[in-house]
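The block underneath contains the structure these notes are about, expressed in structure tokens.
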Amino acid sequence: MNSNKANRMSIFLITCCAVLMAGILLGLVGYILYQGFSHISLRFLTSDASAFLAGGGIKNQLWNSFYILFITMLFTVPLGIAGGIYMAEYAKPNKLTGFMRSCLEVLSSLPSIIVGMFGMLVFVNFFHWEYSILSGALALTVFNLPVIVRVCEDALRSVPQDQRLSGLALGLTKWHTIKKVLLPAAFPGILTGLILSAGRVFGESAALLFTAGLSTPNLDFTNWNPLAPNSPLNVFRSAETLSVHIWAVNADSIIPDAKQVAYGAAAVLVLCILLFNVSARCLGRLVERKMTGK
Amino acid sequence: MLTQLKENIVYPEPKKQNIIIEVNELNVYYKNNHAVKNVSLPIRERSITALIGPSGCGKSTFLRTINRMNDLIPGAKCQGEIMYDGINLLDKKIDVVALRKEIGMVFQKPNPFPKSIYENIAMPLKFAGIRGKKRLNDIVEESLYQAALLDEVKDRLSQSALSLSGGQQQRLCIARALALKPKVLLLDEPTSALDPVSSAKIEDLLLSLKKQVSLAVVTHNMQQAARIADQTAFFYEGEVVEYNDTSIMFTKPVYKKTEDYINGRFG
Ligand SMILES: Nc1ncnc2c1ncn2[C@@H]1O[C@H](COP(=O)(O)OP(=O)(O)OP(=O)(O)O)[C@@H](O)[C@H]1O
Ligand SMILES: [Mg+2]
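Written as structure tokens, this is what we have:
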């Protein structure tokens, strides 16, 4: 009787906590969307930000966010997957590996502002890449790489040992087993992890303040030559992203509609990240279903 | 050599088959655990050798040593000789990848890759250097036929192998191993995860396969050993207590231990 009561008590408490958590989360997202949604319009998404007048948009910022995300993923995905393969399949369980794992953990829990400072010292000042998309993407790579290594390692480790053995027993080499058996089996997990980490990168601001900068040159969306200074594709130009823009508008903008612009931009950001999360789930499930035929 | 089609060749069935693998004084250790002790055992050509014995007596270890899967276990060490085709398989210079194509292995739990039925067989073939769609299709079909699975799956080759039943999955794993045209097939409790009907199918399959390959089968099922094996080896605490023709082993075992085990008095 007593243990029954304790059981019901704990279920009740856990449920309360869960409801509270979900409530806070929904409230937050709901508030941002409620405040910002009315400000989102095609014009808002497709016009330039203004310096003094009301009615500025977020076109360049939105583009910059996606472009920096793309460049960051270009660096992190191959490196992270290679690192994950190494950690899961090749690293011997010894002190050195343990040390590397601790380093990765520390790296992934570094405050992003510190990563930004590091990026400024190394990429902006030492390599003279100035405030640029390249500097920003590299800082984000530092920030994101440990996560991807971890995701990839975990996904590979969750593939049953049987699969490794049967690959080898069929006369495959270790590398071929990894390539043709383990990676495809781990693919849904890796994909989900990649997209979720993309959401984190997309919303990052502190690491970009001192690396990608707070301004964007006047972009000419008809000039796709990546070497032109006003081309959207140029990686050596400074680039203010959406979340940096929110910070900047809130902090020291003199436009009269600063509040609305900030809320509007925040709502767009939240929607994008929601989209990343939902698509991560859907894609992961789809691939999984395709693989197992169920 | 791996690609020769063998279906048209009729093999004679001599009374006592040649020895294809001769194990001499094999010792296997896991760190300090002496798992296989001084085992000498022949595996005969085109026949089924059953390995029986209580849990933990070293049957799987013995089997894994033959195709060098034991190399993968950290701390595993072996001494002795496993002669095959005039060479010692324990020689460090052996190309284990090539070896495992000739001496295939099937595991206890069916473990097809999460790919299509076709790819499960074709992928290792492609890695073995077999090219050409027609050729691959032929071998896939032939090995599915040999594994008595073709009729059940021929209309769904592009479906995921994981959509098959457990018994079908196990036959697919056998087909996958057969596709590489191994000389020897090692099976570690291939039916212990399956229902009786699927087990019976696999038993029939093994009996039909011995026309082409030599088989070594670990089993905990005495009736199964009696039904399918030509020779039987009884392992106990890492040693081979008795090895003989199955018919003799199951009717007039020489040792009391063997008799007790076969009659279910321990283990
Ligand atoms: N991977 C391993 N690492 C260390 N020791 C092992 C390993 N595999 C087996 N052993 C040990 O080797 C001995 C023989 O084990 P093995 O798995 O070969 O027995 P088995 O006859 O196949 O048993 P079962 O019928 O339960 O499958 C046991 O003492 C076991 O603890
Ligand atoms: Mg075993």
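Quick mapping for you: the protein sequence lines, in order, are chains F and W. Here the UniProt record's numbering is used: position 116 in the first sequence is 116, and no number is missing along the way. Here the UniProt record's numbering is used: position 82 in the second sequence is 82, and no number is missing along the way. Idealized CB from N, CA, C, for every residue including glycine.
Query                                                                                                                        : Result
Whole-number beta carbon distance between W/S214 and W/R46, since they are thought to touch under 8 Å                        : 6 Å
8 Å Cβ shell around W/K201 - same chain, five flanking residues per side excluded                                            : A148, G167, R171
Residue-chain proximity (W/A128, chain F), Cβ-Cβ < 8 Å                                                                       : yes
Neighbourhood of W/M249 by C-beta distance below 6 Å, restricted to the same chain and skipping five residues each side      : T232
Contact under 8 Å by Cβ, F/A198 with F/M73                                                                                   : yes
The region 216–227 of chain W: positions lying closer than 9 Å to chain F by Cβ                                              : none
Given F/H245 as reference, the closest of F/C16, F/A22, F/S65 once Cα atoms are compared                                     : F/S65
Between the CA atoms of W/V39 and W/T251 - distance to the nearest angstrom                                                  : 23 Å
Touching by the beta-carbon criterion (3+ pairs, under 8 Å), the region 150–164 of chain F and the region 183–198 of chain F : yes
For ligand 1, residues whose Cβ lies under 5 Å from any non-hydrogen atom                                                    : W/Y30, W/A35, W/S55, W/G56, W/C57, W/G58, W/K59, W/S60, W/T61, W/I73
Uninterrupted alpha helix (DSSP H) stretches inside the region 120–144 of chain W (no shorter than 4 residues)               : none
Contained alpha helix (DSSP H) runs [length at least 4] in the region 35–110 of chain F, N- to C-terminal order              : 42–46, 59–85, 95–108
Whole-angstrom distance between F/G171 and W/K210, CA atom to CA atom                                                        : 21 Å
is_contact[W/K115, chain F] using C-beta, thresh 8 Å                                                                         : yes
Residues that DSSP places opposite W/R44 in a beta bridge                                                                    : W/I19
Per-residue burial, W/Q223 [other beta carbons within 10 Å of its own, 16 or more giving buried]                             : exposed
Proximity of W/F113 and F/H176 at Cβ, strictly below 8 Å                                                                     : no
Buried versus exposed call for F/K290 [16 or more other C-beta atoms within 10 Å across all chains shown]                    : exposed
Straight-line Cα distance separating W/I73 from F/R200                                                                       : 39 Å
W/Q79 - partner residues in DSSP beta bridges                                                                                : W/N27
Contact list for the region 267–292 of chain F against chain W, Cβ threshold 7 Å                                             : M291, T292
Candidates W/N70, W/E259, W/Y255, W/Y236, of which the one nearest W/G53 by Cα                                               : W/Y236
Near ligand 2: W/D188 beta-carbon under 7 Å from a heavy atom                                                                : yes
Through-space distance from F/L26 to F/L20, alpha-carbon basis                                                               : 10 Å
Alpha-carbon to alpha-carbon, W/N221 and residue 280 of chain W                                                              : The question about residue 280 of chain W has no answer, for chain W in this structure spans 1 to 267.
Limits of the unbroken alpha helix (DSSP H) element including W/I202                                                         : 196–209
For W/Q17 and W/S55, the rounded distance between their alpha carbons                                                        : 29 Å
Host beta strand (DSSP E) of F/A251 (start-end)                                                                              : Segment 242–252 is the alpha helix (DSSP H) holding F/A251; no beta strand (DSSP E) there.
Reference W/S163; option with closest CA among W/I262, W/K115, W/S60, W/I174                                                 : W/K115
8 Å Cβ cutoff, F/Q61 in contact with chain W                                                                                 : no
Beta-bridge partners of W/L187, as assigned by DSSP                                                                          : W/V106, W/V217
Run of the beta strand (DSSP E) containing W/D245, from where it starts to where it stops                                    : 239–245
Beta carbon of F/S231 nearer than 8 Å to that of F/D220                                                                      : yes
Beta carbon proximity, F/T173 to chain W, threshold 8 Å                                                                      : yes
W/A233 - containing beta strand (DSSP E), residue span                                                                       : 231–236
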